[in-house]
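Presented below is the structure to which this report refers.
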Amino acid sequence: MRLFVSEGAPGSLPVLAAAERAQGRAELLISTVGPEDCVVPFLTWPKVPVLQLDSGNYLFSTSAICRYFFLLSGWEQDDLTNQWLEWEATELQPALSAALYYLVVQGKKGEDVLGLVRRALTHIDQSLSRQSCSFLVGETESLADIVLWGALYPLLQDPAYLPEELGALHSWFQTLSSQEPCQRAAETVLKQQGILALRPYLQKQPQPSSLERRVVSNEPEEEELATLSEEDIATAVTAWEKGLGSLPPLRPKQIPVLPVAGERNVLITSALPYVNNVPHLGNIIGCVLSADVFARYSRLRQWNTLYLCGTDEYGTATETKAMEEGLTPQEICDKYHVIHANIYHWFNISFDIFGRTTTPQQTQITQDIFQRLWNRGFVLQDTVEQLRCERCARFLADRFVEGVCPFCGYEEARGDQCDKCGKLINATELKKPQCKVCRSCPVVKSSQHLFLDLPKLEDRLEEWLGKTLSGSDWTPNARFIIRSWLRDGLKPRCITRDLKWGTPVPLKGFEDKVFYVWFDATFGYLSITANYTDQWERWWKNPEQVNLYQFMAKDNVPFHGLVFPCSALGAEDNYTLVSHLIATEYLNYEDGKFSKSRGVGVFGDMAQDTGIPADIWRFYLLYIRPEGQDSAFSWTDLLLKNNSELLNNLGNFINRAGMFVSKFFGGYVPEMMLTSDDQRLLAHVTLELQHYHQLLEKVRIRDALRSILTISRHGNQYIQVNEPWKRIKGSEADRQRAGTVTGLAVNIAALLSIMLQPYMPTVSATIAAQLQLPPPACSILPTDFLCTLPAGHQIGTVSPLFQKLENDQIESLRQRFGGGQLEESLELKAKASPKPAVVETVTAAGSQQIQVLMDEVTKQGNIVRELKAQKADKNQVAAEVAKLLDLKKQLALAEGKPLETPKGKKKK
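Using this note's numbering, the first residue of the sequence shown is number 243, and each one after it goes up by one.
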């Protein structure tokens, strides 16, 4: 194998120090390359350090390379090392990268640099002090020590940035820096230049953005103090001793849920999913799952909470789906409403109402709002040129036209909005438009339509936004999207369509038209509530008493943050408007997008068939929730997060805490006599719990999940350091200590149970049952860490919470959901069709599938031609030709064409 490193590249330090472990156990060639050298053939940018394995594979991650060298030496992995490596990647590196950049590139010094990393340095020092060990994981040097030393060395080699008061850190750093492998690594990378050797490397890095602070806000934040005060500790101990008696009384359940004067009334909506399709994982995390977490959290806080959603059922999308399946639009709605409801039930979404928009209440409310807008002069009439597909004999709804965006050139822009640049589009503005149903080119026809006069409402909207945004938790992307629309100036927006399936327009001369689905779909929240209770106006015409939270993906922001508020403001009927608009970015699938037609990605009805429990799906989707930027679902990452965070961290801690009670104390929580270290742990857990509350109150759902895992790590470290399994066999004092550690640990497990409830409700209920938590501890989320399981409390039977995911299991699922579903479908169709001995026939696939396959054939054909032109290796060419032939076979099958058995070449 071959290790590529570079002078001045910080990541080369730990890998060179760790490489000593591989000496004598494997043949290792170390090559020093220039900073601009591309050593990996399939990467177009420089990347070091890199380890090329004998198999031809490459390792890019510094910690992964170091881990590989340690594994070669016979080192066995352990939980504590994994926890340190994750902390180094997620907490230390962001702070350290900024500090090095400010020091070396910007020339800042002193506290401007040290302040960025002081909290991280203090954490290492305190961990070393608590363990009374020379190294991070024990008495011998570990993988964690080498990785952290290598990261810190460029900064801490200067004594000015190694605070004297951090004695344990100082000793640890000096011990490692004096070892020969570390000295040689430093000499190779820094070349006697010290930290200045990193300047060429750091100058090529992007300027670090402001580090995320611990105080929660969508505005600039101040850094939290890193150390605990005596007051923090005393307050935590006092709260602990009060126990469950300090909790407020459980608020009685009421049906229907209605606002209560003097209470916090929280109204939560998820964007209404189109009824004509099956939601994929991105749809689920963007709307219903995110809202469900917040709804569950709100109920645990004893806030008066109503959570609603439903299927959006009107529009051309439904008509077209009905045509495809040979059903009426109503039958399609009935069929897919049940599919949606079943999927959300399996994902354990806790709707108070899951309704639909094809109801008399929807017609009544929509027509009332329209009449009020019409009477007040906020609706215009105009002639519209529309696209009509002559082959399908219908006007095309915006979403059933695709073409080139006139603004940014994106080739798959819809007729109403471009997914790439986010701009609204009139379908006739698209370049090279195509009917999505039949792929023919539509023609332009004229028709009379109604428009919402948004320019006339713009001042009202601006005034409302000015009052709302300053004290709200609108996500940054939602703020940006609305402001960009206002900056460009609002334009009248068409609110009618030439369709039959929709809410009728109550205006003479427009009897043959219906309302555009995006005008009346947002009124669906009101009509769904009206189907739940005839007192719906107490929620929707009560802005003084109701806090409205609306959850959606970012493409829905203009309609919820602009069109709906303008309609409600123009209606002048005291409607409740959104207080907090929570928008996610997009969730992608592996390296691409979800595609039902291509069989790519996991859709809601398929997740149930994977054998992976719903709570695991919930956890992983929330862990990767695209809060600040797009994220991607990854099967490999799902396996890693399940096996590390759930199995080894969270599940391991809760199971050990409960098992110690059962095994050592007969199933009864032992007496607890807290030491000063125990009291500090109470304070740390309390601070993390309060941070969890701060995050969720700001709807920072993904980040709040990290707080749960952090508390669990605190618990694991606490058990590991105090070793109750050893102390229980010792003196009376040791046995007493074992009891205290066990009692405190099982109380942390009880706290984690209720903190988990918004994220993993089934797992939360399982923990509660195993620990036999008293009812208040399962229903009210405290703001302080309380002793919920006092001495003498009897727990139930403890069993593991999570199962390990295996590589072969995940690889099978990756293949199945990476396009394999389309292949399986085609194979089944082929098997089901009668066929002669040498000819395969198949029912023709959908036009979208055929187009996708045609594109793939063209793309693969270009690859083959390029390889032949370059006179590439024959084996490489043959492999790509085989792929091309396979794609052509799939295309022929999809088109229903006979595919003859290929004939062999004639011998010359």
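Backbone N, C-alpha and C fix where the C-beta goes; we use that ideal spot for every residue, glycine too.
Per DSSP, what kind of secondary structure is proline 675 in: helix, strand or coil?
By 1-based counting over the sequence shown, the position of residue 675 is 433. Proline 675 falls in the strand class under three-state DSSP.
Excluding sequence positions up to five away, which residues of its chain have a Cβ less than 7 Å from the Cβ of alanine 825?
The residue labelled residue 825 in the question sits at position 583 within the sequence shown. Excluding residues within five positions, the ones whose Cβ falls inside 7 Å are Thr717, Asn719, Ala720, Met794, Ala795, Lys796, Val799.
Are the Cβ atoms of serine 949 and histidine 926 separated by less than 8 Å?
Counting from 1 along the sequence shown, the entry for residue 949 is found at position 707. Counting from 1 along the sequence shown, the entry for residue 926 is found at position 684. No; because the gap between Cβ atoms is not below 8 Å, this pair is not in contact.
Hey, leucine 829 and glycine 487: beta-carbon distance below 8 Å or not?
Sequence index remark: in the sequence shown, residue 829 carries index 587 (1-based). Sequence index remark: in the sequence shown, residue 487 carries index 245 (1-based). Not closer than 8 Å, so no.
What's the call for cysteine 660, buried or exposed, on a 16-neighbour Cβ count within 10 Å?
Here residue 660 corresponds to residue number 418 of the sequence shown, with the count starting at 1. Cysteine 660 is buried by the Cβ-count criterion.
Please return the same chain residues whose Cβ sits closer than 7 Å to the Cβ of histidine 935, not counting the five positions on each side in sequence.
What you label residue 935 is simply residue 693 of the sequence shown in a count that begins at 1. Thr1025, listed in sequence order.
Would you mind sorting leucine 550 into buried or exposed? The rule is 16 or more other CB atoms within 10 Å of its CB.
Stepping through the sequence shown from its first residue, residue 550 is reached at position 308. So leucine 550 ends up on the buried side.
Just checking my contact of proline 675 with cysteine 663 at CB under 8 Å: how many whole Å lie between their CB atoms?
The sequence position of residue 675 within the sequence shown is 433, counting from 1. The sequence position of residue 663 within the sequence shown is 421, counting from 1. Going by Cβ atoms, the distance from proline 675 to cysteine 663 rounds to 17 Å, so no, they are not a contact pair.
Exposed or buried, glutamate 555, counting other C-beta atoms within 10 Å across all chains shown (16 or more means buried)?
Your numbering for residue 555 matches position 313 in the sequence shown. So glutamate 555 ends up on the buried side.
Which residues in the same chain as leucine 1013 place their Cβ atom closer than 6 Å to its Cβ, once the five residues preceding and following it in sequence are excluded?
Locating residue 1013 in the sequence shown gives position 771, counting from the first residue. The residues are Ala992, Ile1037.
Can you tell me which of the three DSSP states lysine 796 falls into?
The residue labelled residue 796 in the question sits at position 554 within the sequence shown. Helix at lysine 796.
Would you say glutamine 690 and glutamine 623 are within 8 Å of each other, going by their C-beta atoms?
By one-based count along the sequence shown, residue 690 stands at place 448. By one-based count along the sequence shown, residue 623 stands at place 381. Against a cut-off of 8 Å, the Cβ pair of glutamine 623 and glutamine 690 comes out as a contact.
Using C-beta distances below 6 Å, list every residue in its chain close to leucine 880, excluding the 5 sequence neighbours before and after it, in chain order.
On the sequence shown, residue 880 is found 638 positions in, with the first residue counted as 1. Here the set comprises Tyr862.
Output the distance between the C-alpha atoms of isoleucine 854 and valine 1005, rounded to the nearest integer angstrom.
Locating residue 854 in the sequence shown gives position 612, counting from the first residue. Locating residue 1005 in the sequence shown gives position 763, counting from the first residue. Cα to Cα, isoleucine 854 sits roughly 13 Å from valine 1005.
Starting from the N-terminal side, write out each stretch of the beta strand (DSSP E) that is 3 residues or longer and does not extend beyond the segment 279-367.
With a minimum length of 3 residues, the continuous beta strand (DSSP E) runs that stay inside the segment 279-367 are 292-294.
Alpha carbon to alpha carbon, how far is alanine 1010 from valine 1040? Give it in angstroms, no decimals.
The count along the sequence shown starts at 1 and reaches residue 1040 at position 798. The count along the sequence shown starts at 1 and reaches residue 1010 at position 768. C-alpha separation (whole angstroms): 11 Å.
Given a threshold of 16 other Cβ atoms within 10 Å of its Cβ, counted over all protein chains shown, does threonine 625 qualify as buried or as exposed?
For this step, residue 625 is matched to residue 383 along the sequence shown. With fewer than 16 other Cβ atoms within 10 Å, it is exposed.
Would you tell me roughly how many angstroms separate the C-alpha atoms of phenylalanine 907 and alanine 946, rounded to the nearest one?
Walking along the sequence shown from the start, residue 907 turns up at place 665. Walking along the sequence shown from the start, residue 946 turns up at place 704. Approximately 34 Å, taken between the alpha carbons.
Please state whether the Cβ-Cβ distance between glycine 843 and valine 820 is less than 8 Å.
Here residue 843 refers to the residue found at position 601 of the sequence shown. Here residue 820 refers to the residue found at position 578 of the sequence shown. No, the pair does not count as a contact, with Cβ atoms beyond the cut-off.
Tell me, please, which residues DSSP counts as bridged to glutamate 644.
Indexing the sequence shown from 1 puts residue 644 at position 402. Arg656, Gln676, per the DSSP bridge assignment.
In the DSSP assignment, the beta strand (DSSP E) including alanine 874 goes from what residue to what residue?
Your numbering for residue 874 matches position 632 in the sequence shown. 873-875 is the extent of the beta strand (DSSP E) around alanine 874.
Taking just the CA atoms, how far does valine 257 sit from valine 431?
The residue given as residue 431 occupies position 189 in the sequence shown. The residue given as residue 257 occupies position 15 in the sequence shown. Their backbone Cα atoms lie some 11 Å apart in a straight line.
What residue from Tyr344, Ser339, Arg656, Ser305 has the CA that sits closest to leucine 327's CA?
Along the sequence shown, one-based indexing puts residue 327 at 85. For leucine 327, the nearest C-alpha among the options comes from Ser305.
Pop quiz: glutamate 913 and alanine 1033 are said to be a contact at Cβ under 8 Å. What is the actual Cβ separation, rounded to whole angstroms?
In the sequence shown, counting from the first residue as 1, residue 913 sits at position 671. In the sequence shown, counting from the first residue as 1, residue 1033 sits at position 791. Sure, about 5 Å apart at Cβ, within 8 Å.
Give the C-beta separation of leucine 1031 and asparagine 989 to the nearest angstrom, bearing in mind that I take them to be a contact with Cβ-Cβ under 8 Å.
Indexing the sequence shown from 1 puts residue 1031 at position 789. Indexing the sequence shown from 1 puts residue 989 at position 747. Confirmed, about 5 Å.
Identify the residues that DSSP records as bridge partners of lysine 687: which are they?
Translated into positions along the sequence shown, residue 687 becomes position 445. Note: lysine 687 sits in a beta bridge opposite Gln628.
Can you tell me whether methionine 587 is buried or exposed? The criterion is at least 16 other CB atoms within 10 Å of its CB, across all chains shown.
Translated into the one-based positions of the sequence shown, residue 587 becomes position 345. According to the sequence as given, residue 587 is histidine; it is not methionine. By the neighbour-count rule (16 or more Cβ atoms within 10 Å), histidine 587 is not buried but exposed.
For proline 442, which three-state DSSP category applies?
Residue mapping note: residue 442 aligns to position 200 of the sequence shown, counting from 1. It is helical.
At which residues does the alpha helix (DSSP H) containing leucine 703 begin and terminate?
Position 461 of the sequence shown, counted from the first residue, corresponds to residue 703. From DSSP, the alpha helix (DSSP H) with leucine 703 extends over 696-711.
For the segment 648-660 and the segment 593-609, state whether three or more C-beta atom pairs, one from each stretch, are separated by less than 8 Å.
As far as the Cβ criterion goes, the segment 648-660 does not touch the segment 593-609, which means the pair count is below three.
Give, in chain order, every unbroken run of the beta strand (DSSP E) that is at least 3 residues long and sits entirely within the segment 851-904.
With a minimum length of 3 residues, the continuous beta strand (DSSP E) runs that stay inside the segment 851-904 are 873-875.
Pull up the DSSP beta-bridge partners for serine 273, would you.
For this step, residue 273 is matched to residue 31 along the sequence shown. According to DSSP, serine 273 bridges with Phe246.
Mind checking whether asparagine 832 and proline 868 have CB atoms under 8 Å apart?
If you number the sequence shown from 1, residue 832 lands on position 590. If you number the sequence shown from 1, residue 868 lands on position 626. One detail in the question is off: residue 832 reads as glutamate in this sequence, not asparagine. Not in contact: glutamate 832 and proline 868 (Cβ atoms no closer than 8 Å).
Looking at C-alpha atoms only, which residue of Ala481, Ala975, Gln1045, Pro697 is the closest neighbour of phenylalanine 1027?
Position 785 of the sequence shown, counted from the first residue, corresponds to residue 1027. Closest option to phenylalanine 1027, Cα to Cα, is Ala481.
Count the other C-beta atoms from every protein chain shown that fall within 10 angstroms of the C-beta of aspartate 919, then say buried if there are 16 or more, exposed otherwise.
To locate residue 919, count along the sequence shown from 1; it is residue 677. Exposed, because fewer than 16 other Cβ atoms sit within 10 Å of the Cβ of aspartate 919.
Would you mind sorting asparagine 617 into buried or exposed? The rule is 16 or more other CB atoms within 10 Å of its CB.
Here residue 617 refers to the residue found at position 375 of the sequence shown. Exposed, since its Cβ has fewer than 16 Cβ neighbours within 10 Å.
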